[in-house]
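**Student:** Once you've had a glance at the structure underneath, I'll fire off some questions.
Written out as structure tokens, the structure is:
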């Protein structure tokens, strides 16, 4: 569906008077870009003698970031499908999955400030900001759709997890931002 379309076509459909793609798909796409930035930093780092001692961890990071990038792209389409199907449970679960995966993704960023190519620290900062933005965006979609579910226990659990994850993501993003600020100021 969207994962195989051009950026130009996706953005034209996003801007059009259409119900999909919308905020949910855009959140997943933003997260896919964050994961791609992590992969880019690792790709530029691997094979450089200066970073050889981090090779094992870097390979683990790129395996995770590539898994996440592909999963987020899949979720771009699944979000649109869920919206069209009017399945409220899917309309909650798809962006909830995006939000959970954003937490996994942002956790890849802090180690790369030490273990990744120093010339790309701002790309790691952008990845962290994108992961946080995608998380917040996906959370909006989760919360608006929770209002239509009757399962109060499930809804309370989801809200609690979103709140906890939001605190973690914000903390990590601020740590990355502070560290990158220190690095670029010298």
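Residue numbers (our numbering): -10 to 175. Backbone N, C-alpha and C fix where the C-beta goes; we use that ideal spot for every residue, glycine too.
Using the Cβ count rule (16 or more neighbours within 10 Å means buried), how would you classify residue 74?
**Tutor:** It is exposed - the Cβ of residue 74 has fewer than 16 other Cβ atoms within 10 Å.
**Student:** Our contact map puts residue 5 next to residue 58 with C-beta atoms below 8 Å; I'd like the distance itself, whole angstroms only.
**Tutor:** About 26 Å separates the two Cβ atoms, so there is no contact after all.
**Student:** Scan the region 84 to 152 and note each continuous alpha helix (DSSP H) run of 4 residues or more that stays entirely inside, going in chain order.
**Tutor:** List check, alpha helix (DSSP H) in window: 98 to 104 and 110 to 135.
**Student:** Check whether the region 118 to 131 and the region 100 to 110 touch, using three or more Cβ-Cβ pairs below 8 Å as the test.
**Tutor:** With the cut-off at 8 Å, the region 118 to 131 and the region 100 to 110 do not touch.
**Student:** Would you decide whether residue 145 is buried or exposed? Buried here means 16 or more other CB atoms lie within 10 Å of its CB.
**Tutor:** Burial call: exposed.
**Student:** Quick check on DSSP: helix, strand or coil for residue 40?
**Tutor:** Three-state DSSP puts residue 40 in a helix.
**Student:** Report the rounded CA-to-CA distance for residue -10 versus residue 77, giving the unit in angstroms.
**Tutor:** Each residue's Cα considered, the two are about 21 Å apart.
**Student:** Between residue 169 and residue 114, how many whole angstroms is the CB-CB distance? I'm expecting something under 8 Å.
**Tutor:** Their Cβ separation, rounded to whole angstroms, is 4 Å, which keeps residue 169 and residue 114 in contact under 8 Å.
**Student:** For residue 173, which residues in the same chain have their Cβ closer than 8 Å to its Cβ, ignoring the five residues on either side in sequence?
**Tutor:** Contacts found: 110 and 111.
**Student:** Can you give me the Cβ contacts of residue 95 inside the same chain, cut-off strictly under 6 Å, excluding the 5 residues immediately before and after it?
**Tutor:** Result list for residue 95: 117, 120, 158 and 161, in chain order.
**Student:** By Cβ distance below 6 Å, which residues in the same chain neighbour residue 3 in space, the five residues on each side in sequence not counted?
**Tutor:** Only 10 meet the Cβ criterion.
**Student:** Which two residues bound the contiguous alpha helix (DSSP H) that contains residue 3?
**Tutor:** Unbroken alpha helix (DSSP H) run through residue 3: -4 to 4.
**Student:** Within the same chain, show all residues whose beta-carbon is closer than 8 Å to that of residue 54, passing over the 5 residues directly before and after it, in chain order.
**Tutor:** Answer for residue 54: 24, 25, 27, 28, 31, 94 and 97, listed in chain order.
**Student:** What does a CB cutoff of less than 6 Å around residue 16 pick up in its chain, not counting 5 residues either side in sequence?
**Tutor:** So the list reads 87, 123, 126 and 127, once near-sequence residues are dropped.
**Student:** Got a sec, what are the start and stop residues for the alpha helix (DSSP H) residue 22 sits in?
**Tutor:** Here the alpha helix (DSSP H) through residue 22 covers 12 to 34.
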